[in-house]
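Residue 701 in the UniProt record's numbering is what sits at position 701 of the sequence shown, and the numbering runs on without skipping anything.
The beta carbon of each residue, even a glycine, is placed where N, CA and C say it ideally should be.
A quick note: this is a predicted structure, and the numbers were derived from the prediction, not measured.
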Amino acid sequence: MSWLRSFYDRLIFPHPVLVLLLFGAVLIVASLRLDQFRLDASAESLVLEDDRSLEQYREVNRRFTNSDDFLIVTFTPHEELFSDDGLALLRSLRDELASLDNVNSTNSILNVPLLHSPDLTLDTVDSEIKTIDEDGVDPDTARKALLNNPLYPNLLISEDARTTAIQVNLPTPERYFELLRERNTLRDKVDSGEATEQEQQQLEVVSRKFIEFTEAQGEERDRTIAQVREILDSYRDRAEIYLGGVPMIVADMIRFIENDLSTFGIGVLVFLLLTLAIIFRQWRWVLVPVLCCSFTVWLVVGYLSWARWPVTVISSNFVSLLLIMTLSLTIHLIVRYREFQHDDPDAAPRDTLRNTLLAMIKPCFYMAITTIVAFGSLTFSGIRPVIDFGWMMTIGLAVAFLITFLIFPALLTLLPPPVDERVRSDRVPFTDLFARFTEHYGKTVLVGSAIIAVLCAIGLNRLTVENSFIDYFKSSTEIHQGMVTIDDRLGGTTPLDVVITDDRPPESEGGGDPFASDCDPFVEDCDQAEEYRDTWFTYQKMERLRKVHDYLDSLPATGKVQSISTTLDILALVNGGEPLDALELAFVPSAVPEDLQDILLTPYINEKYDQARFSIRVLETSEDLRRQELLDEIRRHLTEEMGFEDDQVQLSGMMVMYNNMLQSLFESQIKTLGVVFLAIMIMFLILFRSIKLALIGMAPNLIAAGSVLGLMGWLGIPLDMMTITVAAITVGIAVDDTIHYIHRFKTEFEKDGDYIATMHRCHRSIGQAMFFTSLTIITGFSILVLSNFIPTIYFGLFTGFAMFMALVGALTLLPRLIVLVKPFGVRE
């Protein structure tokens, strides 16, 4: 380590001011683009790298002129909805929302066609369509027409006619899709190795333009949602109003995370300051770690801003984790420094500092590298935000290590040692309790650890993988109450599309096609039916689609289901309650007025691509909802029970994309933890050069990670996109304690070769650093339980629990195994 001694003696100790000035200049440069630091919760930021579900989702929306870019306003007036005052209030609210610059249009019971009225028939449907907005429509007649129409109940109006919805349609500029298509085309060429150098450069330009455009669109959308909320607030004294829709969920997730980062970031910092002050009772031992933590976060956030690297809802915890890791490094240095000073109070401060750095750089370096391995596993997930999270933590840990071993000595060189530091002792009786317990109750430690391991295994077996947006928010929040209202009264929250493709022409495959003609001459006009057999509008095909519709509608987790069957039910009502016969079916495309085709036909049938679409709203509040099981059951039923080929059935929508992401996360993070632990054991072998020590070191890490995941299983908390990274986080935290304890044990053992005496010395020295680190972090992050965002609460609780289990394992199971196995040999 002579080179390291020379580095500090020649560069850092003589020039601390210069080091701080140079670093200050780096921080200033990093700060220049902090205004470009952003959170991203778009659909593209949450899907698999190679997943085509997002592309399919957009293609389905394009083919069926459908979009999820709309807000839902639920409106329950204090008076009767269909009273003059109730409709007037609804009309006023609708008009204010429609007047916003970034609102394309609005749909409500006021302007939708009343397709079921006394004077309406198939012959007059083109000329007799009315709306509530038109003069002369009786409110009671309108109410009956809306409730009897198969399309509107549980969509625009509740079954009790007390609650209605306003659909606020937001624009999606064509420029967005142009840039998206151009970028994806170039990206595919680059991935396949067919791109020229010019196309690679063009991809960088287009990608930058796409990011800039989406950022601008996101800011515009946030402003629109804020304006909508402002309008809604002015009506809340006269009606119960909630806001919903996918854009609002995304915006609120970002809003909650940003609020937690700012509000609780300050709160965590205050708690850390207080805890450090109580533990060390020296202002410099508060100032130095806080500055190191702040500089680390500042520099990494600045780098992300310069790189235009967005933080997603998955990686939003990286700031808190950087605080944990940096704080751990600095506390270990502080405790070791105080040990050296206590052992040799007459030593020069610079010698004490040098000895501290030389003694701690090796275990701290291996701690950082091993933790990077744990977080590095995230880069193999195939999910862009998780990959980014892994790289962010990798970069952040490297920065934390460098800052700690550069800024810590520079600051201490400038600060005079306190007068009373010479006589202080860092002995904490609490760590002695662990040592005495481990010495006298070794079997209890082993048996207790085995019991915990069994409980962990049972809990792991109970883990589920789900992603319920409603569970992210407390029941007292508006977004939670809004989703409950939409689920209970207006047909569900999360979009799911089922698309059936008729890709086998009846002429060539006959009876093998589930849509093949099987005309009954006693029921239908076969000559006319055969003429239109190559379209969707045949009796056989519509009956088949109706069976699909009825099946989807029968599922407990589905709310409102819309399809061409809904349209036929409406036309049957218009037809005097009689279903359309084969001939009438064939003329449906031309019989439906052009201004109604966007409501009744286009969303459900695309004859160009020979596809039929079923639009489903899934009930987020359903307690029995298991998303993967639901999707698997739908596909199984359609293929095995209803005779469709697998490639004829396509499931699309936001639910499918998020579910694909979750399943990949589960496979990459939970099922590959063995690979992560193997990599960590290899790091242990390199560090300790002992197979026994490497295996011993794995035990507390396995217990810590298993305890957190097992506890989630026992509590019924599912793994979702916010909690699934807890495994890597826990391993990173537990590895820290293990490396420091074993490294210190190895050093202390050389003094007398006594395992028990060495254990007591380690508990009184490095054990204190581990205890101080855990206490500081658990206390600091306990404030997160006050958040309204449930994932933030879970992060605070599970981080604290992981710290506690890692500490207990490192101070009981780890030393007990060392004493039992005696990996350092036995001295005579």
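As assigned by DSSP and simplified to three states, the class of residue i
i           : result
residue 40  : strand
residue 528 : Note that residue 528 scores 40 on pLDDT, short of 50, meaning its location in the model is unreliable; the coordinates nonetheless yield the value given after this. Of the three classes helix, strand and coil, the one that applies to residue 528 here is helix, per DSSP.
residue 497 : strand
residue 533 : Note that residue 533 has pLDDT 42, beneath the 50 cutoff, so the model's placement of it is unreliable and no number is given.
residue 275 : helix
residue 606 : strand
residue 790 : helix
residue 562 : strand
residue 625 : coil
residue 613 : strand
residue 282 : coil
residue 555 : coil
residue 317 : helix
residue 774 : helix
residue 652 : strand
residue 813 : helix
residue 261 : helix
residue 446 : helix
residue 112 : coil
residue 19  : helix
residue 618 : strand
residue 210 : helix
residue 538 : coil
residue 642 : coil
residue 569 : helix
residue 235 : coil
residue 344 : coil
residue 246 : helix
For residue j and residue i, believed in contact at Cβ under 8 Å, the rounded distance
i           : j           : result
residue 652 : residue 499 : 6 Å
residue 438 : residue 747 : The Cβ separation is near 19 Å, so there is no contact.
residue 723 : residue 791 : 7 Å
residue 590 : residue 603 : Rounded, the Cβ-Cβ distance is 18 Å, inconsistent with contact.
residue 229 : residue 13  : No, residue 229 and residue 13 are not in contact; Cβ-Cβ is about 57 Å, not under 8 Å.
residue 780 : residue 703 : About 24 Å separates the two Cβ atoms, so there is no contact after all.
residue 818 : residue 772 : So it is not a contact: roughly 22 Å between Cβ atoms.
CA-to-CA distance, residue j to residue i, given in whole angstroms
i           : j           : result
residue 258 : residue 178 : 31 Å
residue 545 : residue 35  : 52 Å
residue 700 : residue 23  : 38 Å
residue 37  : residue 304 : 7 Å
residue 83  : residue 584 : 38 Å
residue 339 : residue 285 : 14 Å
residue 558 : residue 632 : 14 Å
residue 610 : residue 169 : 28 Å
residue 805 : residue 98  : 55 Å
residue 760 : residue 822 : 15 Å
residue 786 : residue 192 : 49 Å
residue 236 : residue 474 : 21 Å
residue 17  : residue 733 : 33 Å
residue 326 : residue 270 : 16 Å
residue 409 : residue 731 : 29 Å
residue 19  : residue 628 : 55 Å
residue 247 : residue 576 : 40 Å
residue 356 : residue 348 : 12 Å
residue 281 : residue 337 : 15 Å
residue 320 : residue 55  : 34 Å
residue 299 : residue 73  : 42 Å
residue 784 : residue 294 : 19 Å
residue 471 : residue 635 : 26 Å
residue 555 : residue 184 : 36 Å
residue 713 : residue 263 : 30 Å
Identity of the residues DSSP links to residue i by a beta bridge
i           : result
residue 311 : 39
residue 240 : 76
residue 546 : In DSSP, residue 546 forms no bridge with anything.
residue 106 : 168
residue 719 : 465
> In chain order, which alpha helix (DSSP H) runs of at least 4 residues are fully inside the stretch 128-206?
Replying inline: 139-148, 174-192
>> What ranges does the alpha helix (DSSP H) occupy inside the stretch 670-716, keeping only unbroken runs of at least 4 residues that lie completely in it?
In response: 673-688, 691-715
> Taking the runs of the alpha helix (DSSP H) that are 4 residues or longer, which of them lie wholly in the stretch 356-441?
Replying inline: 384-414, 429-440
> Which runs of the beta strand (DSSP E) fall wholly inside the stretch 55-84 and span at least 3 residues, in chain order?
Replying inline: 70-77
> Can you list, in chain order, the stretches of the beta strand (DSSP E) that have 3 or more residues and sit fully within the stretch 454-497?
Replying inline: none
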